[in-house]
Structures are given as structure tokens and as C-alpha cells.
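If you read the sequences in order, they're chains F and X. Numbering follows the numbering used here, with no gaps: position 64 of the first sequence is 68. Numbering follows the numbering used here, with no gaps: position 144 of the second sequence is 145. The beta carbon of each residue, even a glycine, is placed where N, CA and C say it ideally should be. Notes follow the structure.
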Amino acid sequence: MLAMKDAPNSTEPDFHLEDDANDHQDFQLESPEVISTPDTDVPQGELFLPLDNPESPQDNQQLEIQGFEKPVYAVAVEGIEKPLAFHYASNLLESLEAQGVQLPYQCREGYCGGCRTDLIEGEVAYLQEPMAWINEGEILPCCCVPKTELKLKLKG
Amino acid sequence: MAYQTFNRNTFDTFSQPMFFGEHVNVSRYDTQKYKIFEQLIEKQLSFFWRPEEVDLSTDRKDFANLPEHEKHIFLSNLKYQTLLDSIQGRSPNVALLPIVSLPELETWIETWSFSETIHSRSYTHIIRNVISDPAAVFDDIVTNEYITKRAESVTKYYDDLIEGVTYYQNLGEGQHEVNGEIIDINLRDLKRKLYLTVASVNVLEAIRFYVSFACSFAFAERATMEGNAKIIKLIARDEALHLTGTQHMLQIWAMGKDDPEMGEITKECREEVIQIFREAAEQEKEWAEYLFKDGSMIGLNKDILCQYVEYICNQRLTAIGLETIFPTKQNPLPWINAWLVSDNVQVAPQEAEISSYLVGAIDSALSLEDFSDIEL
């Protein structure tokens, strides 16, 4: 098609790529019609947020060990009066989010440090070694679980 | 102290500071002074991606349909991102490699800078796909006064350090006459330049980049230019890691064990670093004004972006142990978190949760009749 555009108007063209050679236009990269996207194609930003409630026991995948009660730790967040508890979630960040506490986050696996929070009282255990820098008295809720009752203060 | 590509001295790696110690010789990673840099390298390598993996054909159509003022916002933002990654793709190498003293840190700097070159390549990929004349966009980066003004404050610390280190390595410490000018080179002053450089890189990666990410994601939040957002999401994932890298350097210095002088310099430069943050925030606000000069877009305007600048600035200040300087406490763009979340960045369509790829691929419903023609 492109070659045809600059070809001189001979009475007998050597070849036709298409039936009507005069009807050509600059080539297009995409087809004129919009390719249909699946109905379930939700915006990317929302695609991966957990659909279920991590603090609700039904959807939890954790191993239940017979004869042991799963401990519940009270979590107090400064400025939030509602009593909060860590029970079933797989990390502290998920647990807090499930109970309506908004924390900043980015990587959710310990390397960005976005969810840095002050730990006023209590102790946590890290599920994986966090890569982000943590100042003294700070924790990364995205990759830890409580070992005791906690008292937290959100940043900002 | 001329640079040696392979230092013949025998020395104990563990007794070397991060910078301005012995030049590195063997690139060995079996023993490490700071294993965090090795972890960063591994993480960065696991993030490897190529811009061409992201399909931008719908973005081309989306862009054509944007109103003029939004085209201006999109392209200006892209120009700014191109500038930042052009700088970051080379400067850490040029400025930091000649003075680094630990093999794991040296390799981290190279890995870090390399990933920035992928970002630069992805801007070309975006620009080439979205508009027909990429040269017009690239050429404007060096002439547009709004962009060059900020390029100046991003690069001045790098250039200052590079110049000082060049003199130091050629002439050593002391007073020298160069081209009729007396220059005074001392190591302490160079360390100060190094500290300010890393602090300003921290600002670049922690604030400036995030302001530009916010603009990219604001388009995608309206379901337009989504391929672009997908690329920016991959870039944001890398940048979060680079940010962790510079935060570690700054904090290791602050503790003073690595190099006691750097500990002192951290204290001395406190006000100056806060000033770098403040200046960057001011420039980003001016930039917001330029971006939205012809009109706002749905979901983002000058005021909201300025609030975001203040919010992110406060956050980054506390991360390196400094006090906040703005009253803004709440994130004015809460939806940005969902875009920045990076544990689930997917590139190949077959990996994404697009149901059409799965429908009909495997029929998992089985009945006994399905086995009727199987004989044992």
C-alpha cells in the first residue's frame, strides 16, 4: 500500500494489493474498530485489592492447630476509639485495614517503608525480614504480626 | 588518590566505609559489610521488565481523544519524567562509582542506575506510540524553561560532587591553581558534597517522581492512558526500592559508625537538607501551576497536587528522621495507594486477571462419560 502511494500513474499497474488502489490512505497501526474489552475489566488500580475481609475467619487459609486457641491481641491506635484486635489476618496492615483503619502503603512486602508506624507499646514478630529502613520505635505493619497487645501511633 | 580500576592494595573490606575508603578491587559478594545492598540488588533483578512488554495501542487512541489542555498535562509530565530518569540513568554511576569502597554497594549503584535506563527507554516507548513526532517532545526538554529550571536544582549537587572528586583524584587534597583559579580541595568538604548529593537524590526519588506518578495515575483513574499507567506502575515499584537504597545510605551515615565524619556532617547539614526538601516542594508546586495552566482534569487540579506535594514531603522527611514542615496530614489522593501497590504488578496479559484469557481455556467440568472411550 505504501509503495503504491508514490508509484507513477501507469495505465497498467504491475500489481494491485487491493481492489481499489485509489482508495488508499496512510497505513494505520490499529484497526478502526475498538477491540472489545472484557466486561470484568475493572480499572487496574482496583483489580488486586482483597475482596474478602482478612479479619473474618471464614475466608482465612491459616492452619488451625488442634488444641490451641488462636490468640487474639488487642491493638490500640492513638486517636481511634474503636477497640481493635488482631486475630485472623496474615499481617498487621491487613488486620487494621479490615477494621477500617487507613494506613499509607505501597509495596506491602517490606521494601518501601510506606506503612511505617510508631510502636508505642508491645512487641511484633516479622514474617519476613523487612528491607526498608526502620527507625527505632517504628514497625512495618505490612510484614509483621503482634506478639503481645499493641499500642500504635500512625504517622502524619 | 587517582582512580584505580583494580586496586592492588590488600585491605580489610569490613573496615572500609561506604565511600572515600580504598577503591574496590574484587567484586565479591560472599562477605558483606551491609547485606541490605545485596538484598536490594536481588530484589531489583527480580523486578526486571521491558517496556515493550506493555501494549500501548489503546493509549494512542486515548491520547488522540484527550482535550488539548490534558494533552499538555500528559506530555509535560512525560517530559519531566524523561528528564529525571535521564539524570538518574547516568549520574549515580558517574558521581558515586569513583569513590565507592564496598563491592556490594558498588554493584547496587550500577544495578540501580541500570534500572533507570529501562525507565528512560520506556518513555521513548510511550512517546513513540502516542504521538507521531517524538523529536518535538524530546527537543522541548532542553529548551522548556519550566523543565530546565528544575533540572538545575536536581543536577547541581551531582555536578558539584563530580567536579570536586575529579580534582581530588587528579591533584589530591590541598590548595591548587587550576586555570588561574585557586581551588581548595579537602576530603571533609567532599564528604559534605556527597551527603548533600545523596540527600537531593532522595528528594528526587521520594518527592519529584511521586508528583509525576500522581499525574500519570490520575489519567488511568479515569480509565484513559492505562498502558502508560501500567508502565509507570512498574517504574514506581523500582523507585520505591531505589528510595529505600538512599534512605539506608543516609541512615547508615547518620549513625556515624560507618564513617564518624559522615555522622557529624549529617548533623551539620540538617537545616540544609530540610531546605532542599522545601525548595523541591516549592518547585513542584510551581510545576503544578504550569501543568494546569490551561485547565484542570477530572480528579486532579493544581490545589490537590500541591497538597499532595506537601503530604509526600512530610512523609519523606519523617522517614529520614526529620520533622515535618507542612501542616497537611491527610493524603489528598488516597486512590494513589491502589496504583502504587506493587506486589501484584503484572506485565504479560496471560498473567493478568483478564477473564477472557481463562474462559474456555480449560474445561474443568468432568463427568463419567468423558472417560467412556478410555480402555485399560
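Checklist entry - Would DSSP call residue 116 of chain F helix, strand or coil? => result As a first step, residue 116 of chain F is located in the first sequence; it is residue number 112 there, counting from the start. Coil at residue 116 of chain F, not helix or strand.
Checklist entry - Hey, residue 136 of chain F and residue 245 of chain X: beta-carbon distance below 8 Å or not? => result Locating residue 136 of chain F in the first sequence gives position 132, where the first residue counts as 1. Locating residue 245 of chain X in the second sequence gives position 244, where the first residue counts as 1. Result yes, Cβ atoms of residue 136 of chain F and residue 245 of chain X sit closer than 8 Å.
Checklist entry - So, is the C-beta of residue 4 of chain F closer than 8 Å to a C-beta in chain X? => result Outside the displayed range of chain F (5 to 160) lies residue 4 of chain F, so it cannot be described from this structure.
Item to check | Which of helix, strand or coil DSSP assigns to residue 405 of chain X | outcome: No information on residue 405 of chain X is available, as it lies outside the stretch 2 to 377 that chain X covers here.
Item to check | Best match in X/118, X/301 and X/216 for proximity to residue 75 of chain X [C-alpha to C-alpha] | outcome: Locating residue 75 of chain X in the second sequence gives position 74, where the first residue counts as 1. Closest by C-alpha distance to residue 75 of chain X, out of X/118, X/301 and X/216, is X/216.
Next on the checklist: I want to check one thing, is the minimum distance from the CB of residue 141 of chain X to the heavy atoms of the ligand NAP below 7 Å?
Outcome noted: Because no ligand of any kind appears in the structure shown, any question about the ligand NAP cannot be addressed here.
Checklist entry - What residues in the stretch 86 to 112 of chain F have a beta carbon less than 8 Å from any beta carbon of chain X? => result 106, 108, 109, 110, 111 and 112
Checklist entry - From X/167, X/311, X/250 and X/238, pick the residue whose C-alpha is nearest to that of residue 114 of chain F; which is it? => result Counting from 1 along the first sequence, the entry for residue 114 of chain F is found at position 110. Ranking the options by Cα distance to residue 114 of chain F, first place goes to X/238.
Item to check | Candidates F/108, F/134, F/130 and F/143: closest to residue 338 of chain X by CA position | outcome: Looking up residue 338 of chain X in the second sequence gives position 337. Nearest option by C-alpha distance: F/108.
Checklist entry - Would you say residue 137 of chain X reaches chain F, if we count a Cβ-Cβ gap shorter than 8 Å as a contact? => result Indexing the second sequence from 1 puts residue 137 of chain X at position 136. No, its Cβ sits nowhere closer than 8 Å to a Cβ of chain F.
Item to check | Beta-bridge partners of residue 186 of chain X, as assigned by DSSP | outcome: Within the second sequence, numbered from 1, the residue matching residue 186 of chain X stands at position 185. Paired residues: X/175.
Checklist entry - Residues in its own chain within less than 7 Å of residue 30 of chain X by CB, not counting five upstream and five downstream? => result Position 29 of the second sequence holds residue 30 of chain X. So the qualifying residues of the chain are 39, 104 and 105.
Checklist entry - Does the beta-carbon of residue 298 of chain X have 16 or more other beta-carbons within 10 angstroms, so that it is buried, or is it exposed? => result The count along the second sequence starts at 1 and reaches residue 298 of chain X at position 297. Classification of residue 298 of chain X: buried, given that the 10 Å Cβ count is 16 or more.
Next on the checklist: Just verifying my parser: in three-state terms, what is the DSSP assignment at residue 292 of chain X?
Outcome noted: Locating residue 292 of chain X in the second sequence gives position 291, where the first residue counts as 1. Residue 292 of chain X: helix per DSSP, three-state reduction.
Checklist entry - When DSSP labels each residue in this structure, what does residue 87 of chain F get in the three-state scheme? => result Locating residue 87 of chain F in the first sequence gives position 83, counting from the first residue. It is coil, neither helix nor strand.
Checklist entry - Residues bridged to residue 143 of chain F by DSSP? => result Numbered from its first residue, the first sequence carries residue 143 of chain F at position 139. DSSP output for residue 143 of chain F lists F/121 as bridge partner(s).
Checklist entry - Any Cβ of chain X within less than 8 Å of the Cβ of residue 57 of chain F? => result Position 53 of the first sequence, counted from the start, is the residue given in the question as residue 57 of chain F. Cβ-Cβ to chain X under 8 Å: no for residue 57 of chain F.
Checklist entry - Within 8 Å (strictly less), CB to CB, does residue 351 of chain X reach chain F? => result Here residue 351 of chain X refers to the residue found at position 350 of the second sequence. The pLDDT assigned to residue 351 of chain X is 47, lower than 50, so where the model puts this residue is not dependable; a value taken from the coordinates is nonetheless given after this. No, because no Cβ of chain F sits closer than 8 Å to the Cβ of residue 351 of chain X.
Checklist entry - Looking only at its own chain, which residues have a Cβ that is under 6 Å from the Cβ of residue 101 of chain F, when we skip the five neighbours before and after it? => result In the first sequence, counting from the first residue as 1, residue 101 of chain F sits at position 97. Nothing listed; no residue qualifies.
Next on the checklist: Just to confirm before moving on: does the CB-CB distance between residue 250 of chain X and residue 199 of chain X stay below 8 Å?
Outcome noted: For the purposes of this step, residue 250 of chain X is identified with residue 249 of the second sequence, where counting begins at 1. For the purposes of this step, residue 199 of chain X is identified with residue 198 of the second sequence, where counting begins at 1. A contact, by the Cβ cut-off of 8 Å.
Next on the checklist: Run through chain X and tell me which residues come within less than 8 Å of residue 159 of chain F, C-beta to C-beta.
Outcome noted: Numbered from its first residue, the first sequence carries residue 159 of chain F at position 155. Under the 8 Å cutoff, chain X gives 316 and 319.
Checklist entry - In the stretch 127 to 151 of chain F, which residues sit with their C-beta less than 7 Å from some C-beta in chain X, listed in chain order? => result 135, 136, 137 and 139
Next on the checklist: Would residue 145 of chain F and residue 97 of chain F be called neighbours here (beta carbons separated by less than 8 Å)?
Outcome noted: In the first sequence, the residue the question calls residue 145 of chain F occupies position 141. In the first sequence, the residue the question calls residue 97 of chain F occupies position 93. Cβ atoms of residue 145 of chain F and residue 97 of chain F: closer than 8 Å.
Checklist entry - Would the beta-carbon of residue 76 of chain F fall within 8 Å of that of residue 156 of chain F? => result Numbered from 1 along the first sequence, position 72 holds the residue referred to as residue 76 of chain F. Numbered from 1 along the first sequence, position 152 holds the residue referred to as residue 156 of chain F. Cβ atoms of residue 76 of chain F and residue 156 of chain F: not closer than 8 Å.
Checklist entry - Which stretch, first to last residue, makes up the alpha helix (DSSP H) that contains residue 135 of chain X? => result Your numbering for residue 135 of chain X matches position 134 in the second sequence. Residues 135 to 144.
Next on the checklist: Against chain F, does residue 199 of chain X count as a neighbour if the rule is that its beta carbon must be under 8 Å from one of theirs?
Outcome noted: Along the second sequence, read from residue 1 onward, the residue named residue 199 of chain X stands at position 198. Chain F, which has no Cβ nearer than 8 Å to the Cβ of residue 199 of chain X, makes this no.
Checklist entry - So what's residue 109 of chain F in DSSP terms, helix, strand or just coil? => result The residue labelled residue 109 of chain F in the question sits at position 105 within the first sequence. Here residue 109 of chain F sits in coil by DSSP.
Item to check | Residue span of the beta strand (DSSP E) that contains residue 330 of chain X, given as start and end | outcome: As a first step, residue 330 of chain X is located in the second sequence; it is residue number 329 there, counting from the start. Element bounds for residue 330 of chain X: n/a, residue is neither H nor E.
Next on the checklist: I want to know whether the stretch 92 to 103 of chain X touches the stretch 156 to 173 of chain X - three or more CB-CB distances under 8 Å.
Outcome noted: yes
Checklist entry - For residue 128 of chain F, which of helix, strand or coil comes out of DSSP? => result Against the first sequence, residue 128 of chain F aligns to sequence position 124. In this structure, residue 128 of chain F counts as strand in the three-state DSSP scheme.
Checklist entry - Sorted by chain position, which residues of the same chain lie with C-beta nearer than 6 Å to residue 89 of chain X's C-beta, five sequence neighbours on each side aside? => result Your numbering for residue 89 of chain X matches position 88 in the second sequence. The residues are 117.
Item to check | Beta-carbon proximity of residue 247 of chain X to residue 202 of chain X, cut-off 8 Å | outcome: Here residue 247 of chain X corresponds to residue number 246 of the second sequence, with the count starting at 1. Here residue 202 of chain X corresponds to residue number 201 of the second sequence, with the count starting at 1. The answer is yes: Cβ separation under 8 Å.
Next on the checklist: Can you list, in chain order, the residues of its chain with a C-beta nearer than 8 Å to that of residue 327 of chain X? Leave out the 5 residues immediately preceding and following it.
Outcome noted: For this step, residue 327 of chain X is matched to residue 326 along the second sequence. Taken in chain order, the residues that qualify are 282, 311, 312, 314 and 315.
Next on the checklist: I believe residue 86 of chain X touches residue 226 of chain X by the beta-carbon criterion, under 8 Å. Please report the beta-carbon distance rounded to the nearest angstrom.
Outcome noted: Here the question's residue 86 of chain X lines up with position 85 in the second sequence. Here the question's residue 226 of chain X lines up with position 225 in the second sequence. About 18 Å separates the two Cβ atoms, so there is no contact after all.
Next on the checklist: For residue 152 of chain X and residue 84 of chain X, which I take to be in contact (beta-carbon distance under 8 Å), what is that distance rounded to the nearest angstrom?
Outcome noted: Here the question's residue 152 of chain X lines up with position 151 in the second sequence. Here the question's residue 84 of chain X lines up with position 83 in the second sequence. Confirmed, Cβ separation roughly 6 Å.
Checklist entry - Does the beta carbon of residue 348 of chain X sit closer than 8 Å to a beta carbon anywhere in chain F? => result For the purposes of this step, residue 348 of chain X is taken as the residue at position 347 of the second sequence. Confidence is the limiting factor: at residue 348 of chain X the pLDDT is only 48, short of 50, which leaves the residue's position unreliable, though a coordinate-based value still follows. Not closer than 8 Å to any Cβ of chain F, the Cβ of residue 348 of chain X fails to qualify, so no.
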